[in-house]
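>
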Amino acid sequence: MSEELISAYDIRGTEQEGLTLECAWNVGKALADWLPTDGDVAVMYVPAGGDTARAVIEGLRLQGRNVVDGGTGDGEAAKSYILSAGLSGAAVVGFDEKDHVTVIELYQDEGHRIEMESGLKQIRELVQAGNFVPAAAKGELTQLA
Numbered sequence: 096m097s098e099e100l101i102s103a104y105d106i107r108g109t110e111q112e113g114l115t116l117e118c119a120w121n122v123g124k125a126l127a128d129w130l131p132t133d134g135d136v137a138v139m140y141v142p143a144g145g146d147t148a149r150a151v152i153e154g155l156r157l158q159g160r161n162v163v164d165g166g167t168g169d170g171e172a173a174k175s176y177i178l179s180a181g182l183s184g185a186a187v188v189g190f191d192e193k194d195h196v197t198v199i200e201l202y203q204d205e206g207h208r209i210e211m212e213s214g215l216k217q218i219r220e221l222v223q224a225g226n227f228v229p230a231a232a233k234g235e236l237t238q239l240a
């Protein structure tokens with residue numbers, strides 16, 4: 096993943112700029128490995144981000160994380176769900192209408208957004224290294240009730 100895709104607060108870009116489905120898949124893997132607490136992870140998205148969200152979900156599951164498909168939702172919904180369900184984290188796939196780019200926001204336990212100084216840099220390094228060892232068992236996928 097190129098450094099241009101990482102802002103101080105999120106991952107953003109187009110497929111042409113490198114935010115491909117494979118990149119999103121690796122973001123899911125890196126998030127799964129980076130999160131400091133064990134437990135389930137939620138993924139929420141806007142309808143236009145469905146394919147990217149599915150790639151993030153698959154990456155998380157390959158690293159052994161159970162994933163809750165939260166369906167349509169934003170950062171506030173993800174934070175609320177992390178806190179109410181006691182999750183380890185979340186990913187929110189959105190679309191910035193102004194810049195016409197896909198945006199992936201990452202959250203850790205207690206609903207804190209993962210930013211450059213709090214882990215996004217390390218997640219980028221994990222994606223760039225690409226040395227992921229799959230979990231012994233793939234995580235399960237459930238739908239938000």
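When we follow the working numbering, the leftmost residue of the sequence shown carries the number 96, and every step to the right adds one. Backbone N, C-alpha and C define an ideal beta-carbon position, used for all residues, glycine too.
Which of helix, strand or coil does DSSP assign to Arg-208?
strand
> Starting from Tyr-140 and walking both ways along the beta strand (DSSP E), at which residues does that stretch end?
It spans 136 to 140 - the beta strand (DSSP E) in which Tyr-140 sits, taken as one unbroken run.
> For Asp-164, name the three-state secondary structure that DSSP assigns.
strand
> Cβ atoms of Gln-217 and Leu-130: under 8 Å apart, would you say?
Result no, Cβ atoms of Leu-130 and Gln-217 do not sit closer than 8 Å.
> Assuming the contact rule is C-beta atoms closer than 8 Å, Met-139 and Val-187 should be a hit. Round their C-beta distance to whole Å, please.
5 Å
> Return the chain-ordered list of same chain residues with a C-beta closer than 6 Å to the C-beta of Ala-125, the five sequence neighbours on each side being excluded.
Ile-218, Leu-221, Val-222
> To which residues of the same chain is Leu-239 closer than 7 Å at the C-beta, ignoring the five residues directly before and after it?
Answer for Leu-239: Val-163, Asp-164, Gly-165, Gly-166, listed in chain order.
> What do you reckon, are the CB atoms on Ala-241 and Ala-137 nearer than 8 Å?
Limits of the chain in this structure are 96 at one end and 240 at the other, which puts residue 241 out of reach.
> Report the rounded CA-to-CA distance for Val-122 versus Val-151, giving the unit in angstroms.
C-alpha of Val-122 to C-alpha of Val-151: approximately 6 Å in a straight line.
> Considering only residues of the same chain and omitting the five flanking positions on each side of Asp-105, which have a CB-CB separation below 7 Å?
Val-198, Ile-199, Glu-200
> Output the distance between the C-alpha atoms of Thr-109 and Thr-132, rounded to the nearest integer angstrom.
31 Å
> Which residues mark the beginning and the end of the beta strand (DSSP E) in which Glu-200 is found?
196 to 203
> Please state whether the Cβ-Cβ distance between Gly-234 and Gly-181 is less than 8 Å.
no
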